[in-house]
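In full-length UniProt numbering, the protein residues as written are 1 to 266.
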């Protein structure tokens, strides 16, 4: 649970930073496009043509590299020096190369090269858009996992000899006998040993119809006991539950690169 909360907080921070950089980069991109539109439409106003000047585009490109694109380029260059270039390296080198060649074209006109100061601006803007969408998807997945874990009860009714004692779910172990009353959530994965009831497993399986449970039936942690008292033998307590497995799989998926990303990095 703490790991999911940590991932959620770090993801929100990263999403905020990338969102701010995205807003700035697309504002610069929009200003850059104004000049192109004005030139294409043949606008006669002098102030419109100022947006299409080489000096203005040079300033936009430099501001993009030093502003919203700074962290991306820094990470790419750092990975290059480490001998492990990745997508950031490719994007960073592309943006820097475009800026360098365009600067040479301006400084040495006799070369006859064209300046492409707009390319770094648009490249950084689209890459940051992709990062923003990726962070949003991670936050959504983490939020869903947090909601899933919140459905687990913190206390369980443990059978000790002929009495029932409330204990923390974290203290349960394999073989313990627990009692689940109507309206309670099942605190651990296990097998019904006594009683008969219907269980709502929608939070776990998505199936809206209650499932009848009787001696010998398996029950999952987080499901809701609806109308009967059940005695359950614990088989998978704490983080070993099926719900815990789902959370771990999501965490691993978020921290692992997709195959297509590894292919692109190569």
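Where is the CB? At the ideal position from N, CA and C, for every residue including glycine.
Range covered by the beta strand (DSSP E) that runs through residue i
| i | result |
| --- | --- |
| residue 157 | 155 to 160 |
| residue 235 | 230 to 236 |
| residue 108 | Note, residue 108: premise wrong, no beta strand (DSSP E); not H, not E. |
| residue 180 | 177 to 180 |
Burial state of residue i (16 or more Cβ within 10 Å)
| i | result |
| --- | --- |
| residue 115 | buried |
| residue 176 | buried |
| residue 204 | buried |
| residue 252 | exposed |
| residue 72 | buried |
| residue 7 | Note that residue 7 scores a pLDDT of 47, beneath 50, so its modelled location is shaky; the value from the coordinates is reported in the next line. Counting Cβ neighbours within 10 Å, residue 7 comes out buried, since at least 16 surround it. |
| residue 69 | buried |
| residue 78 | exposed |
| residue 83 | exposed |
| residue 119 | buried |
| residue 189 | buried |
| residue 5 | Its pLDDT being 42, under 50, residue 5 is placed unreliably by the model, and the measurement read from it follows with that caveat. Counting Cβ neighbours within 10 Å, residue 5 comes out exposed, since fewer than 16 surround it. |
| residue 168 | exposed |
| residue 160 | exposed |
| residue 209 | exposed |
| residue 109 | exposed |
| residue 133 | exposed |
| residue 25 | buried |
| residue 268 | Residue 268 falls outside the range modelled here, since the chain spans only 1 to 266, and no answer is possible. |
| residue 237 | buried |
| residue 239 | exposed |
| residue 91 | buried |
| residue 102 | buried |
| residue 170 | exposed |
Alpha helix (DSSP H) segment containing residue i, residue limits
| i | result |
| --- | --- |
| residue 170 | From DSSP, residue 170 is part of no alpha helix (DSSP H); its letter is neither H nor E. |
| residue 124 | 118 to 149 |
| residue 114 | Segment: none, residue 114 is in no alpha helix (DSSP H) and carries neither H nor E. |
| residue 55 | 54 to 66 |
| residue 86 | Counting along the chain, residue 86 falls outside any alpha helix (DSSP H), and DSSP gives it neither H nor E. |
| residue 76 | 70 to 81 |
| residue 205 | 202 to 205 |
In DSSP terms, what residue i is bridged to
| i | result |
| --- | --- |
| residue 197 | 213 |
| residue 185 | 224 |
| residue 190 | 219 and 234 |
| residue 163 | 160 |
Beta-carbon proximity list for residue i, same chain, < 6 angstroms, skipping 5 on both sides
| i | result |
| --- | --- |
| residue 186 | 180, 219, 221 and 223 |
| residue 33 | none |
| residue 85 | 79 |
| residue 247 | 145 |
| residue 89 | 76, 79 and 80 |
| residue 217 | 192 |
Neighbourhood of residue i by C-beta distance below 7 angstroms, restricted to the same chain and skipping five residues each side
| i | result |
| --- | --- |
| residue 94 | 123 |
| residue 227 | 182, 197 and 198 |
| residue 212 | 198 |
Contact set for residue i: own chain, Cβ-Cβ below 8 angstroms, skip 5 residues either direction
| i | result |
| --- | --- |
| residue 164 | 157, 158 and 179 |
| residue 207 | 201 |
| residue 111 | 104 and 105 |
| residue 54 | 106, 115 and 117 |
| residue 172 | 156, 158, 178, 187, 188, 234, 237 and 238 |
| residue 22 | 68, 125, 128, 129, 131 and 132 |
Three or more beta-carbon pairs under 8 angstroms between the segment 229 to 240 and the segment 194 to 204, yes or no?
yes
With a threshold of 8 angstroms, are at least 3 pairs of Cβ atoms found where one atom belongs to the segment 116 to 125 and the other to the segment 62 to 69?
yes
Do three or more CB pairs link the segment 126 to 140 to the segment 14 to 32 at distances below 8 angstroms?
Yes: at least three Cβ pairs fall under 8 angstroms.
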